[in-house]
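Colleague: Got a structure for you, questions after.
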C-alpha cells in the first residue's frame, strides 16, 4: 500500500536539519515561526524545478536535490546574505521510495552543510516531479548587494569557471564520462561564502543561472548601464577547453550555462582591495570587464574587435 | 510569438500590490528584502495547488487564484497572524493570455484586500498548471496559536459553516447552479480577522483544509488529547441542508471539505469571553464540542450515542 501524504512526510522530510535559535517552531503546524535577528534584514527567493524541463526524470534524486538547493541558495549568495531557513514544496507523480530516499537524504545533507534548516513544506500529487523551494537569508540592514547599484567604470568580476555546467549536462545526456564537468552540472556550488566576503566591496551582484550574457544583461538593465567584456579573460576551465576546444568553451561560458557562479561589480577605488578576498577556501575570482555608459554588452576579442554573439540566455517559453 | 518568461512576468505579475514600509525591496532582483518588525515573529507557510488534482484545468483563472490565496492565507489565519508578504511560483504548460489575465488580476485584487504584497516569484514551464505560494505573516512574539496547546476540558469551536465547499465543487462539476455553495468552493474566505480576534482567547488552532475530523485529528495528536463532538451543533448552512438533506449535510461537514474555516479550542475559564469576539463583520463562531483525555474523536448524536464515522480526510496518494 502506498504511503499517505503524512506518512511520506514523516518518513522522508522529518529530519531535524540543525539547531537554530531563530527557529521558534519548525515543520508540522499550520505555519513555521521564525524570530527575526536584531539589526538584520530578511532576503527571500523562490524557485521551481520541473521534471523534463529543468531536469531529466531519469536523474537520481540526489542530483535534483543538489541542483534545487544550488539554484535557491545561489539567490541568497547573490545578495551577500547568509542562508537562515527554507521551505520545500514537492509534487510527485508517484511514491518512488528509492528516489525519495536519495532526494531527501541529499536535501538534508546539503541544508546541514549550508546551515539552513528546513522549517516547512508541502507534498502533493501531480503529473510529474516538481520542486519549489523558498529560501530565506539574513543580512545586516542596508548591506544587501542588489543588481541596480553598479556605476560606469566599475570592474566586472565572476567567481569560479563558466560554461562547465552546460557541457556537463550534454555529457551526462550522451552517457559520456567526464567527472569534473558532469559534477559541475549535478552538484553546483552556491557561492555563499564568496557572496558574504564581497559585502563591503561589490557595488552590485547577480548569480549566473541563465548564462553570463543574459544575467549580466539583467544587472546592466537594473543599473541602466552597458558592459564591455574582454573575451580572453572569461574564466573557462582546462577540462572544458579540453572537452570542446577553446572557441566553443568561450561560447558556452557566455551563453546559457547555469553555473550558479556570482557576477558582480566593484568600484574602481576598491579594486585593489580585491586581493584581500582571495582565500584558499573560496572559488577563484576573475575580472572580466568594465561597466560602461549605454545599454549594450560588448564582447571584445584580444585584438579589440567586437564579437557578435547570438541571442543569449535560456528561454522558458 | 509567445511571450518570454520575463515579458510574461512584466505583463502579468509586475503590479505593485500595495505600499508596505517593511518591504525594502520587491520583485525583480535575486531576492526580495523585508525589514522585520520590532517585537514580532514571522509565520511562514507554503502550499501547492496542481491542475487536475486540486483544481480542474477548465476552471477560470480567478477561481484558481482565490483558492490558492485562501489555502495559503488560511494557514496564516490559523496562527492568529497578520499576512505580511508572499511569493508566488507559477508553472504553466502554455501561455494562455486569457487565463493569465484572469488569474493575475484576481491574485493582485485578493492580495490588496488582505494587505499582503507579492514580493517575489518564479514562472516556469511544466506539464500542467501548478501554483506554489509561500506566505509570511507577522504576530507579536509568543502569541502564535499552535496546534499543540489544547487542554482537556477546553471547548472546541469553528468559524463559519462546514461542508459547503465539498458540495459546491460537486455542483460545479455537474454544471448545476447554486450560487452560494459554488461560491464557497470558488472563493473561500481565509479567516484572518477571526484568527486575530482569537489571539488572546484560543489555546490552540488549525484551519479546516482536509475536513473537520481530519484536521481536528491533527490538533488532537499535537495536543495528545481526544475530542468529543456534538453532531447536532456542527454548523451546516441552510443552503447545504436544502441541497443534500440534513444527514448528508452533517456527513460532508465532518469529512473531506476544504472550507478554510478555523477550528480552535478555548480554555473553560475564557469561554464566557467568547461573546466579545462576536462581531457583525466576522464569521459566526459555534461551539461544537470539548477536548477530552485519550486519543479518539467521538461524535455524539442528540441521544448521546456514538456515531461511527468512515475514514476521514482527503488522501493525496
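Residue numbers (my numbering), protein chains in the order written: chain P, 310 to 626; chain Z, 310 to 626. Just so it is clear, CB atoms sit at the ideal spot from N, CA and C, and this is done for glycine as well.
Which residues in chain Z sit within 9 Å of residue 516 of chain P, going by Cβ to Cβ distance?
Modeller: In chain order: 339.
Colleague: Give the residues of chain P in contact with residue 503 of chain Z, contact being defined as C-beta atoms less than 8 Å apart.
Modeller: Here the premise fails: no neighbours, minimum Cβ distance about 14 Å.
Colleague: For residue 606 of chain P, which of helix, strand or coil comes out of DSSP?
Modeller: DSSP places residue 606 of chain P in strand when its eight states are reduced to three.
Colleague: Does the beta-carbon distance from residue 432 of chain P to residue 538 of chain P come in below 9 Å?
Modeller: Contact flag unset, no.
Colleague: Based on DSSP bridge pairs, tell me the residues matched to residue 598 of chain Z.
Modeller: Its beta-bridge partners are Z:465 and Z:538.
Colleague: Less than 8 Å between C-beta atoms, sequence neighbours within five positions excluded: which residues of the same chain meet that for residue 297 of chain Z?
Modeller: With chain Z represented from 310 up to 626, any question about residue 297 of chain Z goes unanswered, as that position is not in the structure.
Colleague: Output the distance between the C-alpha atoms of residue 481 of chain P and residue 530 of chain P, rounded to the nearest integer angstrom.
Modeller: Cα to Cα, residue 481 of chain P sits roughly 34 Å from residue 530 of chain P.
Colleague: To the nearest angstrom, report how far apart residue 395 of chain P and residue 376 of chain P are at their CA atoms.
Modeller: Using only the alpha carbons, I get a separation of about 15 Å.
Colleague: Helix, strand or coil for residue 397 of chain Z, going by three-state DSSP, please let me know.
Modeller: Strand at residue 397 of chain Z.
Colleague: Taking a cut of 8 Å between CB atoms, which residues from the region 413-440 of chain P lie near chain Z?
Modeller: Hits within the stretch, in order: 428, 429, 430, 431, 432, 433, 434, 435, 436, 437 and 439.
Colleague: Any heavy atom of the ligand NAD closer than 8 Å to the Cβ of residue 416 of chain Z?
Modeller: Judged by which ligands are present, the structure shown has none, so any question about the ligand NAD falls away.
Colleague: Which term fits residue 310 of chain P, buried or exposed, when burial requires 16 or more other beta carbons within 10 angstroms of its beta carbon?
Modeller: The predicted position of residue 310 of chain P is uncertain, since its pLDDT is 49 and thus under 50; a value taken from the coordinates is nonetheless stated next. So residue 310 of chain P counts as exposed.
Colleague: Select from Z:347, Z:320 and Z:402 the residue whose C-alpha is nearest the C-alpha of residue 360 of chain Z.
Modeller: The residue with the shortest Cα to Cα distance from residue 360 of chain Z is Z:402.
Colleague: Rounded to the nearest angstrom, what separates residue 544 of chain P and residue 469 of chain P at their Cα positions?
Modeller: Cα to Cα, residue 544 of chain P sits roughly 7 Å from residue 469 of chain P.
Colleague: What in chain P is Cβ-close to residue 354 of chain Z, meaning under 8 Å?
Modeller: 339, 340, 341, 396 and 429, listed in chain order.
Colleague: Does any residue of chain Z have a CB that is nearer than 9 Å to the CB of residue 545 of chain P?
Modeller: Output row for residue 545 of chain P: interface = no.
Colleague: Comparing alpha-carbon positions, which option in Z:341, Z:363 and Z:330 lies nearest residue 494 of chain Z?
Modeller: It is Z:363 whose Cα lies nearest to the Cα of residue 494 of chain Z.
Colleague: Find out if the Cβ-Cβ distance for the pair residue 566 of chain Z, residue 474 of chain Z is shorter than 9 Å.
Modeller: Cβ atoms of residue 566 of chain Z and residue 474 of chain Z: closer than 9 Å.
Colleague: Just to make sure I have the definition right: I need the residues of chain P whose C-beta is within less than 7 Å of the C-beta of residue 333 of chain Z. Which are they?
Modeller: Here the neighbours are 350.
Colleague: Residues of chain P with a CB under 9 Å from the CB of residue 694 of chain Z: which are they?
Modeller: What is shown of chain Z runs 310 to 626, which leaves residue 694 of chain Z out entirely.
Colleague: Cβ atoms of residue 380 of chain P and residue 340 of chain Z: under 9 Å apart, would you say?
Modeller: It is not a contact, given that the beta carbons lie outside the stated cut-off.
Colleague: Note down the Cα distance separating residue 616 of chain P from residue 560 of chain P, rounded to an integer number of angstroms.
Modeller: Taking the straight line from one Cα to the other gives about 11 Å.
Colleague: Is residue 403 of chain P helix, strand or coil when you go by DSSP?
Modeller: In this structure, residue 403 of chain P counts as coil in the three-state DSSP scheme.
Colleague: Is residue 341 of chain Z helix, strand or coil by DSSP?
Modeller: Residue state, collapsed to three classes: strand.
Colleague: Report buried or exposed for residue 330 of chain P, applying the criterion of at least 16 other Cβ atoms within 10 angstroms of its Cβ.
Modeller: By the neighbour-count rule (16 or more Cβ atoms within 10 Å), residue 330 of chain P is not buried but exposed.
Colleague: Can you give me the C-alpha to C-alpha distance between residue 507 of chain P and residue 455 of chain P, rounded to a whole angstrom?
Modeller: Each residue's alpha carbon lies about 12 Å from the other.
Colleague: For residue 384 of chain P, which residues in chain Z fall below 8 Å Cβ to Cβ?
Modeller: By Cβ distance, chain Z contributes 339 and 340.
Colleague: Would you kindly work out how many angstroms separate the C-alpha atoms of residue 438 of chain Z and residue 369 of chain Z, rounded to a whole number?
Modeller: So the alpha carbons of these two residues sit roughly 12 Å apart.
Colleague: Are the C-beta of residue 531 of chain P and some C-beta of chain Z separated by less than 9 Å?
Modeller: Judged by the 9 Å Cβ criterion, residue 531 of chain P is in contact with chain Z.
Colleague: When you compare the CB of residue 474 of chain Z with every CB in chain P, is at least one pair closer than 9 Å?
Modeller: No - not a single Cβ of chain P is within 9 Å of the one on residue 474 of chain Z.
Colleague: If you reduce the DSSP assignment to three classes, tell me which class residue 545 of chain Z lands in.
Modeller: It is coil, neither helix nor strand.
Colleague: Pull up the distance between the alpha-carbon of residue 436 of chain Z and that of residue 436 of chain P, whole angstroms please.
Modeller: Whole-angstrom Cα-Cα distance: 7 Å.
Colleague: Step through the CB atoms of chain P and report whether any lies within less than 9 Å of the CB of residue 520 of chain Z.
Modeller: No, residue 520 of chain Z lies away from the interface with chain P (no Cβ there is under 9 Å from its Cβ).
Colleague: Under 9 Å, Cβ to Cβ, is there at least one residue of chain P near residue 485 of chain Z?
Modeller: Not closer than 9 Å to any Cβ of chain P, the Cβ of residue 485 of chain Z fails to qualify, so no.
Colleague: Report the rounded CA-to-CA distance for residue 548 of chain P versus residue 554 of chain P, giving the unit in angstroms.
Modeller: Taking the straight line from one Cα to the other gives about 10 Å.
Colleague: Does residue 506 of chain Z get closer than 9 Å to chain B when you measure Cβ to Cβ?
Modeller: As a matter of chain content, chain B is missing from the structure shown, whose protein chains are P and Z.
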